[in-house]
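K.L.:
The structure's right below; bear with me while I get my questions together.
Numbering (the working numbering), first residue to last: 1 to 27.
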């Protein structure tokens, strides 16, 4: 699977958003 810089960036921000959502729910 090819992974461009743009893919990495969007995936990274998606993961951060998911982590933040999870954190807020448990806060």
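Cβ coordinates follow ideal geometry from the N, Cα and C atoms, glycine included.
Since this is a predicted model, take the numbers as computed values, not measurements.
Distance, Cα to Cα, residue 2 vs residue 27?
P.N.:
Looking up residue 2 in the chain shown gives position 2. Looking up residue 27 in the chain shown gives position 27. The straight-line gap from Cα to Cα measures roughly 37 Å.
K.L.:
Go to residue 4, then tell me how far its alpha helix (DSSP H) extends in each direction, as first and last residue.
P.N.:
Here residue 4 refers to the residue found at position 4 of the chain shown. It is not in any alpha helix (DSSP H) - residue 4 carries neither H nor E in the DSSP assignment.
K.L.:
In three-state terms, what does DSSP make of residue 27?
P.N.:
Sequence index remark: in the chain shown, residue 27 carries index 27 (1-based). DSSP places residue 27 in coil when its eight states are reduced to three.
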